[in-house]
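For the sequence shown, our numbering gives the first residue as 4, with consecutive numbering after it.
Idealized CB from N, CA, C, for every residue including glycine.
Here the structure is laid out as structure tokens; the discussion comes afterwards.
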Amino acid sequence: MLNGSLFVLGEAHASGIAWGDVVFQLVIFLILLALLRKYALGPVMGIMKQREDHIANQLDSAEKNNADAMKLVEEQKQELVAARTEARELLEKARKQADVQREEIVAAAKAEAENMKESAKREITREKELAVQSVQQQVASLSVLIASKVLEKEVKSEDQSAIFDQYLKEVGEAK
């Protein structure tokens, strides 16, 4: 050892530094640091690690939830597009079906109108034929009546005029 008292506590050298105190304080500091590391920093670091892991898990969970939400939003968008497409198709189908039904109804109405028109024409023709037959029968009966009256007496111009007027009157009443 150098002078034997180099590291004695409390002894100062010419430089004014007590090397013994410095070494002692350094050893105490290192022991204190080791104890703090073992008993204080270890649990604190463990707590910090747990907290870091917890925060990392929370972030991962949040990212996963965000990804799930985005996926769900995308699925909802696709379902909405599909629903709109289906609704558009249903509307188009209903519109086409309505057009077909409208055309069928119009065609049926035209056919019914044509049938009614033809039926009316047949009825008019039948009524016309009946009227012609009736007029022919009346003319025939009036002709027979006139002929019988003419045969009963000699027709004078005054009588002829009266018979003609009576004939017109009878024909007018028959209508």
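Quick one: grab the DSSP three-state call for Ile20.
-> One-based indexing of the sequence shown puts residue 20 at position 17. DSSP places Ile20 in coil when its eight states are reduced to three.
Please report how far the alpha carbon of Glu121 lies from the alpha carbon of Ala110, in whole angstroms.
-> Reading the sequence shown from its first residue, position 118 is the one you call residue 121. Reading the sequence shown from its first residue, position 107 is the one you call residue 110. When rounded, the distance between both Cα atoms is 16 Å.
Straight-line Cα distance separating Ile108 from Arg87 | By one-based count along the sequence shown, residue 87 stands at place 84. By one-based count along the sequence shown, residue 108 stands at place 105. Cα to Cα, the separation comes out at about 31 Å.
What whole-angstrom Cβ distance do Leu145 and Glu173 have, given they're in contact under 8 Å?
-> Your numbering for residue 145 matches position 142 in the sequence shown. Your numbering for residue 173 matches position 170 in the sequence shown. The Cβ separation is near 6 Å, so the contact holds.
Can you grab the Cα-Cα spacing for the pair Ser64 / Glu55, in whole Å?
-> Stepping through the sequence shown from its first residue, residue 64 is reached at position 61. Stepping through the sequence shown from its first residue, residue 55 is reached at position 52. Spanning the two alpha carbons is a distance of roughly 14 Å.
Would you kindly work out how many angstroms separate the C-alpha atoms of Ile149 and Glu115, rounded to a whole number?
-> As a position in the sequence shown, residue 149 is number 146, starting the count at 1. As a position in the sequence shown, residue 115 is number 112, starting the count at 1. So the alpha carbons of these two residues sit roughly 49 Å apart.
Identify which residue in Val142, Ala21, Pro46 and Met51 has its Cα closest to the Cα of Leu171.
-> Your numbering for residue 171 matches position 168 in the sequence shown. Taking only the C-alpha atoms, the option nearest Leu171 is Val142.
Alpha carbon to alpha carbon, how far is Lys152 from Asn118?
-> Working through the sequence shown from its first residue, we reach residue 152 at position 149. Working through the sequence shown from its first residue, we reach residue 118 at position 115. The straight-line gap from Cα to Cα measures roughly 50 Å.
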